[in-house]
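Residue numbers (the working numbering), protein chains in the order written: chain A, 289 to 673; chain B, 266 to 594.
Structure below.
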């Protein structure tokens, strides 16, 4: 099933593990070099920037090939332009296979063709059938097949989107069941997807680990989103043309209010118990979105006060957690993990910090406008002093 | 093969010794679930929420009666941030020193951002520096540099450099990369290039003086993006041939620097900017000799051109990785 040379694939993961051990300081570099010399690996890029770069180059190549094909064939195809999209998809599939034979995996180039081929195939099916349900079904099948064949994590995500798109389409467009049950169907799907992840993660080969993690993340986000009050309410208004008069609410509103907070809290506590980082991240992000949800409908406090209080509270909680966990040497702890790269987040912090001075960008551009702030500030100082 | 089997497989093949395996297993048995990065990131978010709130609060109350009081309170908060940070600080050092408790880094960051907000506000309200707003950002920038060097804080450094760019009218925040004044105002390209060169000179000088050598990557990153963006903006202007030379020279410089520092991010962006620059250059050449003449020829040649580029890039990256890998101990 898998497209790559099995031995090289195994070597790649062995080498990655060894590299990991070297970065954590368990083995010296010459040992890693020994492995590299004896075990050739697939052509891959671990640096995400490089991979994105090659992904872009691959996409340019793909579209330029498509351009040449169009130029050559268009005079003969006349009204058969629908066939052209299929030809693009076939080109993508052939190129993906070619790259797999050439031992490219997680390189960037292969990503461009694997994703591009799927995109073209979906486009082709869409143009040919004009049936969203068929497109979603194709998406589910093609995504999962690509994931199996190329151990390609993003394809797994495409497959999952296809699955929920298919069922969502059946309910929203084909009216299979009453639309107010849509959130519960989605929750059920999330459970099923999570269950599949749960059964597979302990038995699956290491090649599929990233794909399965993405599936897990998808299931967690789907479960939360399907029960989030804001999502449900806005989707109900958009899909069912629900006209909510003041004082009225969506069906089962109290259920969604409850789950909007219960699900993130459950994620956070359960992930701490199970030592599951991904679930923790989803839980924290979901909790943040829950606060946004409440503020969206009930702004008890002006936004600046909410931000200030929220900042103080978050600071206090983090500070408290840090001082509690500082001296733990096992289990949940504040000590840096040898196995983790500690520079990524701090680099993000450095990059993000500079967005904070954008306020001053406003005042700097004002200097170009002759009457930018003069009158305004004059009024201010007159009022106070 | 499963994840847990990998390390045993490495032992089986005698790539690692029995002691190493037992070390690894002992460490893994501790079941460490480290929240180090996560909690620090939450602190960081807390600082951002708080300072954003303050910013909005001041902005909204800028004309109302209570703003003197608000400012007074906030001044006290800022002073408190720095008071505690000074108390816990180990003092200035040329090396990479850190607080014993990393929480103080975030107090320093909060103090810096608050101080920048004040500076902007005072200028806005009382025009301390006359009608020219640039002075206020310049003072903020200098203050930021002071904080960055004293407390060894890279986030403050990043703020300071951004403020410096704002002083000359260039916005350097990530969200402004595509919609930037540089593209509409040719003068800004020259200013930006000058600032980029200034950062490089300072970086070079600091390296010689052994002054905070670990700040080097921040300076290089800012200088690279500033110079890269300004050159691209310049390439679309009338005097584009000047910028072809500038682009080529600067990218050659960054290419060399990336080998010296083994920084793959610098290396990658060098390739990205050089490639964008080269393509604009090609288009301008085609433009001179009339593009319509060989439009179809370009479309047919495009795949070959991209294949050629890909092969070239693969070689360059391979070479870089080998060099960088060989030199790491």
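All C-beta atoms in this analysis are idealised placements derived from N, C-alpha and C, irrespective of residue type, glycine included.
Candidates the options, of which the one nearest residue i by Cα
{"i": "residue 557(A)", "options": "544(A), 547(A), 571(A), 545(A)", "result": "571(A)"}
{"i": "residue 304(A)", "options": "291(A), 331(A), 290(A), 293(A)", "result": "331(A)"}
{"i": "residue 380(A)", "options": "389(A), 455(A), 328(A), 402(A)", "result": "402(A)"}
{"i": "residue 406(A)", "options": "529(A), 384(A), 312(A), 559(A)", "result": "384(A)"}
{"i": "residue 308(B)", "options": "530(A), 539(A), 609(A)", "result": "609(A)"}
{"i": "residue 286(B)", "options": "301(B), 298(B), 363(B), 270(B)", "result": "270(B)"}
{"i": "residue 348(B)", "options": "332(B), 373(B), 357(B), 325(B)", "result": "373(B)"}
{"i": "residue 549(B)", "options": "506(B), 535(B), 527(B)", "result": "506(B)"}
{"i": "residue 378(A)", "options": "592(A), 348(A), 553(A), 413(A)", "result": "413(A)"}
{"i": "residue 531(B)", "options": "320(B), 335(B), 490(B), 554(B)", "result": "490(B)"}
{"i": "residue 354(B)", "options": "360(B), 365(B), 345(B)", "result": "365(B)"}
{"i": "residue 423(A)", "options": "471(A), 409(A), 436(A), 432(A)", "result": "409(A)"}
{"i": "residue 275(B)", "options": "290(A), 309(A), 289(A)", "result": "309(A)"}
{"i": "residue 631(A)", "options": "288(B), 432(B), 479(B)", "result": "479(B)"}
{"i": "residue 565(A)", "options": "361(B), 341(B), 383(B), 300(B)", "result": "300(B)"}
{"i": "residue 504(A)", "options": "368(A), 433(A), 317(A), 569(A)", "result": "569(A)"}
{"i": "residue 570(B)", "options": "637(A), 352(A), 463(A)", "result": "352(A)"}
{"i": "residue 304(B)", "options": "562(B), 315(B), 470(B), 368(B)", "result": "368(B)"}
{"i": "residue 550(A)", "options": "522(A), 513(A), 537(A)", "result": "513(A)"}
Other residues of its chain near residue i: CB distance less than 6 Å, five sequence neighbours each side excluded
{"i": "residue 651(A)", "result": "Note that residue 651(A) scores a pLDDT of 40, beneath 50, so its modelled location is shaky; the value from the coordinates is reported in the next line. Nothing listed; no residue qualifies."}
{"i": "residue 488(B)", "result": "461, 464, 465"}
{"i": "residue 460(A)", "result": "527"}
{"i": "residue 394(A)", "result": "332"}
{"i": "residue 252(A)", "result": "Given that chain A is displayed from residue 289 to residue 673, the structure contains no residue 252(A) and the question cannot be resolved."}
{"i": "residue 343(A)", "result": "396, 399, 400"}
{"i": "residue 648(A)", "result": "With a pLDDT of only 44 at residue 648(A), under the threshold of 50, the placement of this residue in the model should not be trusted; the figure read from the coordinates follows. Excluding sequence neighbours, residue 648(A) sits near nothing in its chain."}
{"i": "residue 539(A)", "result": "468"}
{"i": "residue 470(A)", "result": "459"}
Cβ-based neighbour list, residue i, same chain, cut-off 8 Å, excluding 5 preceding and 5 following
{"i": "residue 391(A)", "result": "292, 293, 296, 330, 331"}
{"i": "residue 446(B)", "result": "434, 435, 436, 453"}
{"i": "residue 448(B)", "result": "498, 501"}
{"i": "residue 620(A)", "result": "560, 563, 613"}
{"i": "residue 357(B)", "result": "414, 415"}
The ligand GTP heavy atom lying under 7 Å from the CB of residue i
{"i": "residue 457(B)", "result": "Absent from the structure shown: the ligand GTP. Ligands present: none."}
Within chain B, partners of residue i - CB distance below 8 Å
{"i": "residue 607(A)", "result": "308, 368"}
{"i": "residue 497(A)", "result": "268"}
{"i": "residue 630(A)", "result": "301, 302"}
{"i": "residue 622(A)", "result": "299, 300, 301, 304"}
{"i": "residue 341(A)", "result": "533, 536, 537, 578"}
{"i": "residue 322(A)", "result": "280"}
{"i": "residue 393(A)", "result": "Correct list: empty, because the minimum Cβ distance to chain B is about 14 Å."}
Coarse secondary structure for residue i, derived from DSSP in three states
{"i": "residue 621(A)", "result": "strand"}
{"i": "residue 477(B)", "result": "coil"}
{"i": "residue 299(B)", "result": "strand"}
{"i": "residue 355(B)", "result": "coil"}
{"i": "residue 393(A)", "result": "coil"}
{"i": "residue 646(A)", "result": "Confidence at residue 646(A) is low in this model, with a pLDDT of 49, below 50, so its placement is unreliable and the value that follows should be read with caution. Helix, per DSSP."}
{"i": "residue 317(A)", "result": "helix"}
{"i": "residue 331(A)", "result": "strand"}
{"i": "residue 279(B)", "result": "coil"}
{"i": "residue 604(A)", "result": "helix"}
{"i": "residue 440(A)", "result": "coil"}
{"i": "residue 305(A)", "result": "helix"}
{"i": "residue 431(B)", "result": "helix"}
{"i": "residue 371(A)", "result": "helix"}
{"i": "residue 291(A)", "result": "coil"}
{"i": "residue 331(B)", "result": "coil"}
Cβ shell of residue i (< 7 Å), same chain only, five flanking positions each side left out
{"i": "residue 428(A)", "result": "447, 450, 451, 454"}
{"i": "residue 582(B)", "result": "none"}
{"i": "residue 398(B)", "result": "388"}
Interface residues of chain A facing residue i [CB-CB closer than 7 Å]
{"i": "residue 530(B)", "result": "337"}
{"i": "residue 311(B)", "result": "599, 602, 603, 606"}
{"i": "residue 285(B)", "result": "314, 315"}
{"i": "residue 571(B)", "result": "345, 348, 349, 352"}
{"i": "residue 317(B)", "result": "595"}
Partner residues on chain A for residue i, Cβ-Cβ distance less than 9 Å
{"i": "residue 292(B)", "result": "312, 314, 626, 627"}
Contact set between residue i and chain A, taken where Cβ atoms lie within less than 8 Å
{"i": "residue 314(B)", "result": "595, 596, 598, 599, 602"}
Chain C contact residues for residue i, given Cβ-Cβ distances below 8 Å
{"i": "residue 552(B)", "result": "Although the question refers to chain C, the structure presented lacks it and instead comprises the protein chains A and B."}
Where residue i meets chain B, residues with beta-carbon distance less than 7 Å
{"i": "residue 504(A)", "result": "Result: empty, since nearest Cβ-Cβ is about 14 Å, beyond 7 Å."}
{"i": "residue 679(A)", "result": "Coverage of chain A is limited to positions 289 through 673, which leaves residue 679(A) absent and any answer about it impossible."}
Please give me, in chain order, every unbroken run of the beta strand (DSSP E) with length at least 3 that falls completely inside the stretch 532-569 of chain B. If we require 3 residues or more, the stretch 532-569 of chain B turns out to have no beta strand (DSSP E) run fully inside it.
List, from N- to C-terminal side, the alpha helix (DSSP H) runs of 4 residues or more that fit wholly inside the stretch 368-411 of chain B. List check, alpha helix (DSSP H) in window: 368-391.
Write down every uninterrupted run of the alpha helix (DSSP H) in the stretch 479-548 of chain A whose length is 4 residues or greater and which is fully enclosed by it, in chain order. The stretch 479-548 of chain A contains these whole alpha helix (DSSP H) runs: 497-515, 517-528.
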